[in-house]
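This report refers to the structure that appears directly beneath it.
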Amino acid sequence: MTFPLGYPVGMFRLDLRPLRHLLVTVAFPVLVLQQDLFGTGWGVQDFAGPTFAFMISALVPALYVLGMQLGNRQASPVWLLFTLSTLVNALSSFWWTDGLTFAVKDSSGSLFLAVSTLTSLLVGKPLFRFVVREYLSVVPQLTADDLTRLLHGPVRTLVQQSTVVLFLKGLTVASVNTYVKFHMVKGSFGTEAFNQSLSLAVAVMVPVAYLATVTAYTLIFVLWKHKLGRHLTFPFSPQVLHQALLHVR
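As structure tokens, then:
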């Protein structure tokens with residue numbers, strides 16, 4: 000990502016991008032949907048109305064992520080899929096519905112990941128191959144042909160397994176999110192009751208989604224560490240990964 004936001008602290012640089020990302024994508028939607036904001040007795044929907052408050056809570060995080068993606072000029076299949084997923088989330092906010100339809104619609108991002116990874120496996124081009132390819136692209140001595148040879152040897156199985164993990168992660172989050180939103184979000188769309196229950200459901204799903212992400216990438220790391228063994232050492236820089244892949248048999 001290219002939106003550098005850091006401030007010098009002594010000899011170090013404090014990177015506030017993760018905090019900013021959490022504030023915009025997690026805290027902001029929950030706060031906008033609150034009826035009683037910080038105990039003041041009022042909320043955004045008192046001024047904007049329940050429907051417009053929902054639109055703000057959905058569009059601002061999506062446009063923020065889309066802006067970050069467009070700011071990253073290194074276009075790749077992964078970049079394209081992430082951008083398309085963000086656009087789907089943004090456009091779906093204009094589909095005003097409730098009940099099970101809303102719950103499924105609200106899971107569109109995770110469903111998109113699941114469908115994309117499954118499709119990539121079925122057509123023989125595992126999505127994680129593009130992730131590794133993009134990560135290794137900064138190694139100066141690696142040519143495109145070198146990357147192709149590396150990723151079509153014994154590493155191919157690792158790439159396939161990693162893509163399966165991402166598919167299961169997307170499917171799991173989509174299923175849990177649909178269940179939670181269907182059972183927790185009450186009232187008709189465009190009402191204060193709908194927004195208030197949605198804010199609670201979002202608060203429940205945030206740790207679930209982050210836990211699923213951490214679990215998925217931990218499992219992927221374990222798979223790669225098991226295969227590459229002592230050759231994959233910390234820090235896991237592109238150069239280190241490149242050297243480790245050269246020893247795969």
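Per numbering that gives the first Met the number 0, the sequence shown starts with residue 0, numbered consecutively. Backbone N, C-alpha and C define an ideal beta-carbon position, used for all residues, glycine too. Since the structure is predicted, the reported quantities are computational estimates derived from the model, not experimental observations.
| Check | Outcome |
| --- | --- |
| Would you kindly work out how many angstroms separate the C-alpha atoms of residue 29 and residue 224, rounded to a whole number? | 38 Å |
| Check for me: the alpha helix (DSSP H) holding residue 128 runs from which residue to which? | 126 to 135 |
| Is there contact between the stretch 204 to 212 and the stretch 166 to 173, where contact requires at least three CB pairs shorter than 8 Å? | yes |
| Go ahead and label residue 49 buried or exposed: buried means 16 or more other beta carbons lie within 10 angstroms of its beta carbon, across all protein chains shown. | buried |
| Under the rule that 16 or more other beta-carbon atoms within 10 Å means buried, what is residue 144, buried or exposed? | exposed |
| Would you check if the stretch 110 to 121 and the stretch 77 to 87 touch, i.e. whether three or more CB-CB distances between them fall below 8 Å? | yes |
| Go ahead and pull the three-state DSSP assignment for residue 193. | helix |
| On the criterion of 16 or more Cβ atoms from any shown chain inside 10 Å, does residue 166 qualify as buried, or is it exposed? | buried |
| Just to confirm my understanding: we take residue 57, look at its own chain, exclude 5 residues before and 5 after, and list those with CB closer than 6 Å. What are they? | 92 |
| Are residue 27 and residue 96 touching if we call contact CB-CB under 8 Å? | no |
| If you pair each beta-carbon of the stretch 190 to 207 with each one of the stretch 126 to 138, do three or more pairs fall below 8 Å? | no |
| Residue 242 lies in the alpha helix (DSSP H); which residues open and close that run? | 237 to 244 |
| Can you give me the Cβ contacts of residue 186 inside the same chain, cut-off strictly under 7 Å, excluding the 5 residues immediately before and after it? | 192, 193, 196 |
| So, at 6 Å on beta carbons, what are the nonlocal neighbours of residue 8 in its own chain, with the 5 sequence-adjacent residues on each side left out? | Here the model assigns residue 8 a pLDDT of 43, short of 50, so the residue's position is not dependable, and the following value carries that caveat. Excluding residues within five positions, none has a Cβ falling inside 6 Å. |
| By Cβ distance, which residues of its chain are closer than 7 Å to residue 52, with the 5 residues on each side in sequence left out? | 31, 32, 43, 44, 194 |
| If you reduce the DSSP assignment to three classes, tell me which class residue 44 lands in. | helix |
| Could you have a look at residue 94 and say whether DSSP puts it in helix, strand or coil? | coil |
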